[in-house]
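The sequence shown begins at 371 in this note's numbering and counts up by one.
This report concerns only the one structure given below.
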Amino acid sequence: MHKLILWDIDHTLIETGGVGGEVFKGAFEQVTGHHIDRLADVTGRTEQVIFSETLDLYDIQDPGDYFPKFVEAQAAGYRARADEMRQRGRALPGAREALQAFAELPHITQTVLTGNPKPSAIAKLETFDLAHYLDLEIGAYGTDDSERPNLVQIAQGRATTRTGHTYTRETTFVVGDTVSDVEAAREGGAQVIAVATGHTKSGQLRDAGAVTVLASLTSPVLIDAIASIGGHN
């Protein structure tokens, strides 16, 4: 049975070391012409929601084209600061090995399910040399829908078009570090492997409904999870 793995990016696979917030701020100010000193809550949310709520924080009126311009400026910011992001940030322990292990399983397709806009997601993953493990053309991004649960079916549909296989809750797995990742899987039609590698504690992830919660991607349990996911059952 063919299976689909949907990876969250920030605090699951990588950390930007603070560069991400700075790039957001710079792109936001460039596009809107307004100085900001704080952002809306970012944890587990899509960039569309973060951007919109940050506009609201400062009572900024959007003429309708701010977000597309922001997406371009943000991606350019990440690419311009790639060396700095490598110095300040990192691929999280076990991330590269986990991606490689999944990539070597013949019945697995893996991509991303992320609140990041697609250009920024690709820039981050390329910065840490992780992009080549993933089929990023079939991923679901914060530019596809503002609500994270809706991204599950978007990714499933794109994966079906790519592979010819149909993906259901039983054959789709979200790997992420926030309650929003867990809720997206539950509401969107997927199983979840939660990792407590971000700001959300293991107990919170379990309370949200995650059955499998790992301390990190280096956890021995992940090996069993990969073997189970890669099986024919």
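Just so it is clear, CB atoms sit at the ideal spot from N, CA and C, and this is done for glycine as well.
Inter-residue Cα distance where the pair is Val393 and Thr416: 16 Å
Nearest candidate by alpha-carbon position, reference Arg460, set Thr484, Phe440, Leu495 and Val441: For Arg460, the closest C-alpha among the options Thr484, Phe440, Leu495 and Val441 is that of Leu495.
Paired residues, beta bridge with Gln561 - DSSP: Gln561 pairs with Phe543.
Gly534 versus Gly403 - alpha carbon distance: The alpha-carbon atoms of Gly534 and Gly403 are separated by roughly 46 Å.
Neighbourhood of Ala473 by C-beta, 6 Å cutoff - its chain only, sequence neighbours within 5 removed: Tyr503
Rounded C-alpha distance that separates Ala585 from Ala566: 5 Å
Boundaries of the beta strand (DSSP E) in which Gln480 is found, first to last residue: Ile478 to Val482
Touching by the beta-carbon criterion (3+ pairs, under 8 Å), the stretch 474-491 and the stretch 506-517: yes
Paired residues, beta bridge with Glu385 - DSSP: According to DSSP, which records beta bridges pairwise, Glu385 is partnered with Arg460.
Backbone secondary structure at Leu374 - three-state DSSP: strand
Cβ pair Gly447, Gly390 closer than 7 Å: Against a cut-off of 7 Å, the Cβ pair of Gly390 and Gly447 comes out as no contact.
Ile508 CB to nearest heavy atom of the ligand GDP below 6 Å: For the structure depicted, the ligand GDP is absent and the ligand set is empty, with no information on it obtainable.
Burial state of Met371 (16 or more Cβ within 10 Å): exposed
Residue from Leu587, Arg532 and Ala493 whose Cα sits closest to the Cα of Leu374: Among Leu587, Arg532 and Ala493, the Cα nearest to that of Leu374 is on Arg532.
Pairwise C-alpha distance: Thr424 and Gln470: 37 Å
Distance between Glu540 and Ile563 (C-alpha atoms, nearest Å): 13 Å
Residue(s) in a DSSP beta bridge with Gly510: With the sequence shown as reference, residue 510 is identified as Ala, and Gly is not the correct amino acid for it. Ala510 is bridged to Leu483.
Range covered by the alpha helix (DSSP H) that runs through Leu495: Lys488 to Thr497
DSSP-derived helix/strand/coil call for Thr536: coil
Candidates Phe437, Gly527, Thr382 and Thr413: closest to Val401 by CA position: It is Phe437 whose Cα lies nearest to the Cα of Val401.
Coarse secondary structure for Thr402, derived from DSSP in three states: helix
Coarse secondary structure for Thr582, derived from DSSP in three states: strand
Identified DSSP bridge partners for Asp380: Its beta-bridge partners are Ile384.
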